[in-house]
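Enquirer: Structure incoming, see below.
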Amino acid sequence: MLHRYPRRVAIIMLALTLCVAVFPLWGPAVFGDQVDFIQEKLTLMVILALFTMSLDLLVGIVGLVSLGHALFFGVGAYTLALASPEYSAASLWWMLPLVIAVAAITAFVVGLLVIRTKGIFFIMSTLAFGQMFFYLISTSQFAGGTDGLFIMFRPSVTFGETTLLDLSNSQTFFYFCLGLLIVGYLFMRWLTRSYFGQVLDGIHDNEHRMQALGYATSGYKLVAFVIAGVLAAIAGMLAAMQYGFANPVQLGWHTSGEVLMMLILGGMGTIFGPILGAFAYEILLYVYEHLTVHWPILMGLTIIASVLVLPRGIAGLIIAPPWNRKKTPVAKEQAAESVIPPNSIQRNEG
Amino acid sequence: MLTPLHNHNTSSLVNIMKHALKNTVLASLIGTSLVASAMATASEHPVKLGLMLPYSGTYSALGEAITNGLKLAIKEQDGQLGGRDVEYVRLDSEADPSQAPQNMSRLVKGDDVDFVIGPVHSGVAMGMLRMAKKTGAITIIPNAGLEAATNQLCMPNVFRTSHSMWQDSYPMGKVAYERGHRKVVTITWDYAAGKEDVAGFKEAFTKAGGEIVEQIWVPFPSTEFQSYLSQIASIDPDAVYTFFAGGGGVSFVRDYAAAGLKESIPLLGSGFLTEGNLQALGEAGEGVMTTLHYADTLQSEANRNFVSAYQEAYGETPDAYAVHGYDTGKMLAQALYSVKGDTENKEALIEALSNVHLDSPRGPISFSDSHHPIQNIYLREIQDGKQEVVDVAYEQLEVPDDACKM
Amino acid sequence: MDLAFFGVQLLNGLQYGLLLFLIASGLTLIFGIMGIINLAHGAMYMIGAYLVYDLNLRLGNFWLAIVVAVPIAVALGLIIERLFLDTLYKRDHLYQVLLTFGLILVINEVQRIIWGGDVHSVAVPSPFDTSLQLTSNLQYSVYRLFLMGVCLALAAVIYWVIRHTRLGIIIRAGAVDRDMVEGLGINVRTLFTLIFSAGVALTAFAGMIAAPLSTIAPGMGDSILITCFVVVVIGGIGSIKGAFWGAILIGMAETFGSVLIPSLASMVIYLIMAAVLLVKPRGLFA
Numbered sequence: 001m002l003h004r005y006p007r008r009v010a011i012i013m014l015a016l017t018l019c020v021a022v023f024p025l026w027g028p029a030v031f032g033d034q035v036d037f038i039q040e041k042l043t044l045m046v047i048l049a050l051f052t053m054s055l056d057l058l059v060g061i062v063g064l065v066s067l068g069h070a071l072f073f074g075v076g077a078y079t080l081a082l083a084s085p086e087y088s089a090a091s092l093w094w095m096l097p098l099v100i101a102v103a104a105i106t107a108f109v110v111g112l113l114v115i116r117t118k119g120i121f122f123i124m125s126t127l128a129f130g131q132m133f134f135y136l137i138s139t140s141q142f143a144g145g146t147d148g149l150f151i152m153f154r155p156s157v158t159f160g161e162t163t164l165l166d167l168s169n170s171q172t173f174f175y176f177c178l179g180l181l182i183v184g185y186l187f188m189r190w191l192t193r194s195y196f197g198q199v200l201d202g203i204h205d206n207e208h209r210m211q212a213l214g215y216a217t218s219g220y221k222l223v224a225f226v227i228a229g230v231l232a233a234i235a236g237m238l239a240a241m242q243y244g245f246a247n248p249v250q251l252g253w254h255t256s257g258e259v260l261m262m263l264i265l266g267g268m269g270t271i272f273g274p275i276l277g278a279f280a281y282e283i284l285l286y287v288y289e290h291l292t293v294h295w296p297i298l299m300g301l302t303i304i305a306s307v308l309v310l311p312r313g314i315a316g317l318i319i320a321p322p323w324n325r326k327k328t329p330v331a332k333e334q335a336a337e338s339v340i341p342p343n344s345i346q347r348n349e350g
Numbered sequence: 001m002l003t004p005l006h007n008h009n010t011s012s013l014v015n016i017m018k019h020a021l022k023n024t025v026l027a028s029l030i031g032t033s034l035v036a037s038a039m040a041t042a043s044e045h046p047v048k049l050g051l052m053l054p055y056s057g058t059y060s061a062l063g064e065a066i067t068n069g070l071k072l073a074i075k076e077q078d079g080q081l082g083g084r085d086v087e088y089v090r091l092d093s094e095a096d097p098s099q100a101p102q103n104m105s106r107l108v109k110g111d112d113v114d115f116v117i118g119p120v121h122s123g124v125a126m127g128m129l130r131m132a133k134k135t136g137a138i139t140i141i142p143n144a145g146l147e148a149a150t151n152q153l154c155m156p157n158v159f160r161t162s163h164s165m166w167q168d169s170y171p172m173g174k175v176a177y178e179r180g181h182r183k184v185v186t187i188t189w190d191y192a193a194g195k196e197d198v199a200g201f202k203e204a205f206t207k208a209g210g211e212i213v214e215q216i217w218v219p220f221p222s223t224e225f226q227s228y229l230s231q232i233a234s235i236d237p238d239a240v241y242t243f244f245a246g247g248g249g250v251s252f253v254r255d256y257a258a259a260g261l262k263e264s265i266p267l268l269g270s271g272f273l274t275e276g277n278l279q280a281l282g283e284a285g286e287g288v289m290t291t292l293h294y295a296d297t298l299q300s301e302a303n304r305n306f307v308s309a310y311q312e313a314y315g316e317t318p319d320a321y322a323v324h325g326y327d328t329g330k331m332l333a334q335a336l337y338s339v340k341g342d343t344e345n346k347e348a349l350i351e352a353l354s355n356v357h358l359d360s361p362r363g364p365i366s367f368s369d370s371h372h373p374i375q376n377i378y379l380r381e382i383q384d385g386k387q388e389v390v391d392v393a394y395e396q397l398e399v400p401d402d403a404c405k406m
Numbered sequence: 001m002d003l004a005f006f007g008v009q010l011l012n013g014l015q016y017g018l019l020l021f022l023i024a025s026g027l028t029l030i031f032g033i034m035g036i037i038n039l040a041h042g043a044m045y046m047i048g049a050y051l052v053y054d055l056n057l058r059l060g061n062f063w064l065a066i067v068v069a070v071p072i073a074v075a076l077g078l079i080i081e082r083l084f085l086d087t088l089y090k091r092d093h094l095y096q097v098l099l100t101f102g103l104i105l106v107i108n109e110v111q112r113i114i115w116g117g118d119v120h121s122v123a124v125p126s127p128f129d130t131s132l133q134l135t136s137n138l139q140y141s142v143y144r145l146f147l148m149g150v151c152l153a154l155a156a157v158i159y160w161v162i163r164h165t166r167l168g169i170i171i172r173a174g175a176v177d178r179d180m181v182e183g184l185g186i187n188v189r190t191l192f193t194l195i196f197s198a199g200v201a202l203t204a205f206a207g208m209i210a211a212p213l214s215t216i217a218p219g220m221g222d223s224i225l226i227t228c229f230v231v232v233v234i235g236g237i238g239s240i241k242g243a244f245w246g247a248i249l250i251g252m253a254e255t256f257g258s259v260l261i262p263s264l265a266s267m268v269i270y271l272i273m274a275a276v277l278l279v280k281p282r283g284l285f286a
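Residue numbers (my numbering), protein chains in the order written: chain A, 1 to 350; chain B, 1 to 406; chain C, 1 to 286.
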């Protein structure tokens with residue numbers, strides 16, 4: 001996707017990144033004793049941002065709406081939990097490749113089956129595969145069943161005898177996650193602007209045309225599915241590392257629904273939108289939970305409202321602010337093209 | 001009501017605002033004197049209880065009953081613990097294990113509570129306990145029955161005021177054999193709580209000489225029982241032992257009765273099969289026998305007083321969940337009294353908590369080395385829509401918790 | 001497995017399958033004709049059960065409660081369609097998924113505010129509150145037989161309406177090409193409102209009629225939702241015939257799966273679905 005966004009997008013995102021990155025400098029002054037907790041929350045948001053971004057590759061870029069993406073989040077968490085030794089730290093040097101490999105294989109096998117389906121069927125079959133893994137883990141002896149598993153030590157990052165990064169330190173872990181998010185973002189940008197990304201964009205616009213041009217579209221979609229799965233698994237691994245805990249709920253369909261919500265709230269197909277979405281969703285949830293015990297109503301209404309009035313999400317607001325739309329019709333058009341799937345009426349598959 | 005209950009539902013958000021104001025604006029403009037004076041009153045600050053219970057969703061009724069019981073116990077202490085006022089920080093645990101660690105972290109690091117009370121759900125307990133291990137926060141579990149909490153995980157800062165799955169089902173194994181049942185089929189959901197529950201029954205029943213002829217595992221949380229009932233009928237055992245909680249329990253007992261099995265094959269269960277659901281069970285529940293550490297019909301003075309006080313305060317009959325909350329409050333009151341309200345010295349506080357002896361509505365309670373209640377288990381039978389106590393199934397039963405010696 | 005046992009299980013599977021069909025039919029109707037994914041389907045099922053529980057208490061008669069509850073369900077469907085779905089027909093499925101996901105949160109919480117978190121039940125109504133003796137020690141509730149009859153009758157009615165009435169012709173035409181039908185002077189807008197309300201009512205009715213056999217508890221619709229999706233995907237989205245046979249297949253698979261291969265019981269329906277998708281990615285009857 002070669003859409004050029006207005007300069008303010010870059011400015012806002014850089015400013016926000018900087019703001020988050022220097023949190024240890026300003027956090028204590030604003031949050032006092034709560035700074036540790038807020039930093040933990042911020043770390044979680046960074047992790048969820050990576051997770052949401054991985055889903056954007058499927059939903060926003062290729063146009064495949066997955067309702068089972070939490071499966072890969074869970075694969076990352078459980079690979080870490082099951083492969084970690086009980087009384088010592090694993091090494092990240094083999095843990096990360098292992099997580100990537102397991103996620104890639106899982107995504108490849110699941111992808112082979114679900115890529116054959118389209119539209120509603122794709123949504124339904126990803127949902128069902130997600131639930132299949134959910135039950136597999138929930139009833140398993142080896143994975144701790146419904147109770148889940150503990151990870152007692154975060155993986156170590158060493159070179160020879162020297163510790164390069166002490167991930168058990170919460171500040172170091174925060175920067176580690178932030179670093180991975182930035183790397184992930186740059187990777188996604190590079191990917192979507194590459195030749196491969198242009199083919200994906202073409203599939204999104206009109207798959208039949210791409211097939212007619214001789215592209216094996218299924219292959220491209222499968223590769224995208226695997227990449228998205230691997231990124232989600234890395235996020236899942238980080239989430240499990242943060243709290244030292246893996247639970248089947250992490251791969252249930254409610255998690256998949258929530259991450260979709262973060263995506264739409266942020267603005268899909270924009271790569272930077274999902275990051276904003278994850279942060280916005282978590283902040284809203286936090287505020288609502290403090291307002292009332294009936295917070296699910298507020299959350300539900302927010303979801304409904306954002307679907308109805310803000311389909312392009314926060315990213316849409318930044319790319320084409322309402323007060324700016326008449327002055328720059330070109331930007332609006334580009335924004336619309338990048339955020340809304342053009343062939344969005346996919347009725348009567350049945 | 002003697003004194004109004006001190007009940008700030010303090011929101012962390014407000015706290016953050018306060019901090020922001022206090023630390024930046026006030027400190028710089030007015031100077032440090034105000035902050036210093038705020039510090040001086042710190043010792044008279046209320047005791048902060050962090051409640052991490054379900055207030056929305058499927059388990060909300062349990063969360064509310066526990067909270068009601070807890071508040072009743074503290075109200076009976078004039079709303080104070082160890083001479084200090086009490087402040088509640090309520091947090092909706094939603095029965096969602098994946099949220100548990102961050103919720104726990106919010107209470108401990110964000111709201112700086114003195115005690116965390118929760119949860120209801122065993123999966124949530126795992127997530128909480130992971131953080132309890134990390135932070136050392138004193139945690140009192142008022143319901144979740146997972147064995148690991150006081151056994152494999154074994155933490156000095158973790159207490160339980162309820163039960164373990166094993167503790168409630170083990171006595172039934174003995175009772176079943178004594179009542180002449182030799183071949184029993186067990187049926188439960190294929191999840192952690194069900195496995196631990198049935199394991200307790202099986203241990204006692206086979207030790208006594210009985211035989212488990214079939215163990216049926218129903219996928220959690222399915223309530224489609226017809227094919228299993230047909231299977232039970234064709235096996236035709238002496239009795240069936242079961243554990244299903246909440247709506248599942250009601251469904252199973254009703255389907256079991258509708259299949260006509262109740263008359264020919266007695267239904268035995270762990271108490272949570274029927275607890276709190278008598279009305280929904282209706283006629284189908286009559287004659288079902290369960291073992292549990294409480295029954296609202298217990299005739300002790302402590303229980304009669306508790307039941308009438310609870311009915312007066314909340315307009316409904318308390319169940320075991322309300323007692324868990326009530327005993328948690330009593331436990332805190334006794335421990336904080338003995339340390340004179342000092343919550344800073346954690347070691348002394350933990351020592352005081354583990355020495356608590358209660359004359360609870362459910363009978364005498366003390367705490368084992370693993371911080372698990374030692375308590376009576378009652379054999380109960382539903383008669384005329386009431387949970388009647390038939391017998392004490394096991395007196396002062398201690399959970400072995402072999403992996404945990406503190 | 002002896003013959004009597006096999007026969008009993010066959011009956012169990014058939015009954016469960018028919019009930020699944022009743023629950024899934026509303027979903028597939030809305031899917032097939034309007035192209036709308038309704039994740040709040042399970043929540044409607046729950047609302048139906050709670051409505052009949054509440055009205056049964058107030059009116060003291062189960063059948064009367066159903067008569068009153070069905071129009072309420074229709075009205076609910078009408079309101080949801082007009083308020084929320086109207087703008088979504090031309091948009092991607094993604095938005096329908098999210099909007100109905102939001103609806104689940106709202107409906108579940110509203111249920112809790114109105115009826116609380118306790119577990120309830122509805123007594124089996126007369127004249128069906130008797131049982132048949134199946135084997136020496138196993139009885140079978142007559143209400144289950146009645147339920148099977150209701151499901152079969154409804155299946156026949158839906159089939160007849162779609163195949164043999166003018167409304168059915170319009171519905172089928174609307175599913176294929178909405179603009180064309182509109183061009184013929186038929187108000188598709190009204191048609192969709194009608195279909196959605198009917199779908200919601202059908203689902204809520206399933207919750208009502210199944211209430212005496214189920215337990216009424218918060219979140220009771222969530223677990224049934226996914227099973228319904230599997231039924232609809234296997235049968236072919238939008239196909240009533242597919243939903244019927246898909247439901248029977250799943251009913252049988254769950255019943256016999258739980259007895260014959262208990263270790264895989266929770267996954268057996270997903271394995272079947274995966275197999276179907278491998279062979280026919282659009283479902284068996286698409």
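Just so it is clear, CB atoms sit at the ideal spot from N, CA and C, and this is done for glycine as well.
CA-CA distance, Gly-257/A and Arg-380/B?
Expert: 43 Å
Enquirer: Below 8 Å between beta carbons is the criterion; list the residues of the segment 132 to 147 of chain B that meet it against any residue of chain A, in chain order.
Expert: Lys-134, Leu-146
Enquirer: Please identify the residue among Leu-103/C, Phe-31/C, Ile-250/C whose C-alpha is closest to the C-alpha of Gly-221/C.
Expert: Leu-103/C
Enquirer: Output the residue ranges of the alpha helix (DSSP H) runs that lie fully inside the segment 132 to 168 of chain A and measure 4 residues or longer, sorted by chain position.
Expert: none
Enquirer: Could one say the Cβ of His-164/C lies closer than 8 Å to chain D's Cβ atoms, at least one of them?
Expert: Any reference to chain D falls outside this structure, whose protein chains are A, B and C.
Enquirer: Taking Val-35/C as part of the beta strand (DSSP E), name the residues at either end of that continuous run.
Expert: Just to set this straight, residue 35/C is Gly in the shown sequence, not Val. Taken as a continuous stretch (DSSP letters only), Gly-35/C belongs to no beta strand (DSSP E), as it is neither H nor E.
Enquirer: Taking Leu-123/C as the reference, which of Val-231/C, Arg-112/C, Leu-57/C, Thr-193/C has the closest Cα?
Expert: Per the sequence shown, the amino acid found at residue 123/C is Ala instead of Leu. Among Val-231/C, Arg-112/C, Leu-57/C, Thr-193/C, the Cα nearest to that of Ala-123/C belongs to Leu-57/C.
Enquirer: For Ala-199/B, which of Gly-180/B, Ser-227/B, Glu-178/B, Gly-269/B has the nearest alpha-carbon?
Expert: Gly-269/B
Enquirer: Taking only runs of the alpha helix (DSSP H) that begin and end inside the segment 119 to 195 of chain C, which ones reach a length of at least 4 residues, in chain order?
Expert: The qualifying runs are 142 to 164, 166 to 176, 178 to 183.
Enquirer: Hey, Gly-246/C and Val-231/C: beta-carbon distance below 8 Å or not?
Expert: A distance below 8 Å separates the beta carbons of Gly-246/C and Val-231/C.
Enquirer: Below 7 Å between beta carbons is the criterion; list the residues of the segment 46 to 64 of chain A that meet it against any residue of chain C, in chain order.
Expert: Val-59
Enquirer: My output table needs one value for Ile-407/B: the three-state DSSP class, helix, strand or coil.
Expert: This structure gives no information on residue 407/B, because the portion of chain B shown stretches from 1 to 406.
Enquirer: CB-CB under 7 Å to Pro-46/B, same chain, minus the five flanking residues each way: which ones, in chain order?
Expert: Closer than 7 Å at Cβ, skipping near neighbours: His-6, Arg-84, Asp-85, Val-86, Glu-87.
Enquirer: Is the segment 225 to 244 of chain C touching the segment 116 to 130 of chain A, taking contact as three or more C-beta pairs under 8 Å?
Expert: yes
Enquirer: I'd like to know whether the C-beta of His-119/A is nearer than 8 Å to at least one C-beta of chain C.
Expert: What sits at residue 119/A in the sequence shown is Gly, not His. Judged by the 8 Å Cβ criterion, Gly-119/A is in contact with chain C.
Enquirer: Tyr-89/C versus chain B: which residues are under 9 Å apart at the beta carbon?
Expert: Within chain B, no residue comes near Tyr-89/C; the closest Cβ sits about 32 Å away, beyond 9 Å.
Enquirer: Going by the beta-carbon positions, is the gap between Leu-336/B and Leu-81/B smaller than 8 Å?
Expert: Yes.
Enquirer: Which same chain residues end up closer than 8 Å to Leu-298/B when comparing Cβ atoms and leaving out the 5 residues on each side of it in sequence?
Expert: Pro-361, Arg-362, Gly-363, Tyr-378, Val-389
Enquirer: In this structure, does DSSP put Met-267/C in helix, strand or coil?
Expert: coil
Enquirer: Give the secondary structure of Tyr-378/B by DSSP, where H, G and I count as helix, E and B as strand, and everything else as coil.
Expert: DSSP places Tyr-378/B in strand when its eight states are reduced to three.
Enquirer: Counting pairs of beta carbons, one from the segment 278 to 285 of chain A and one from the segment 68 to 82 of chain C, are three or more of them closer than 8 Å?
Expert: no
Enquirer: How far does the beta strand (DSSP E) with Pro-28/A in it reach, from first residue to last?
Expert: It is not in any beta strand (DSSP E) - Pro-28/A instead sits in the alpha helix (DSSP H) that spans 23 to 31.
Enquirer: Three or more C-beta pairs closer than 8 Å, one from the segment 35 to 51 of chain C and one from the segment 85 to 105 of chain C: is that the case here?
Expert: yes
Enquirer: Would you list, in chain order, the members of the segment 186 to 218 of chain A that have their beta-carbon closer than 8 Å to a beta-carbon of chain B?
Expert: none
Enquirer: Which runs of the beta strand (DSSP E) spanning at least 3 residues fall entirely within the segment 316 to 393 of chain B, listed in chain order?
Expert: Those beta strand (DSSP E) runs which fall completely within the segment 316 to 393 of chain B and span 3+ residues are 358 to 360, 363 to 367, 373 to 383.
Enquirer: In angstroms, rounded to a whole number, what distance separates the CA positions of Ala-103/A and Lys-134/B?
Expert: 29 Å
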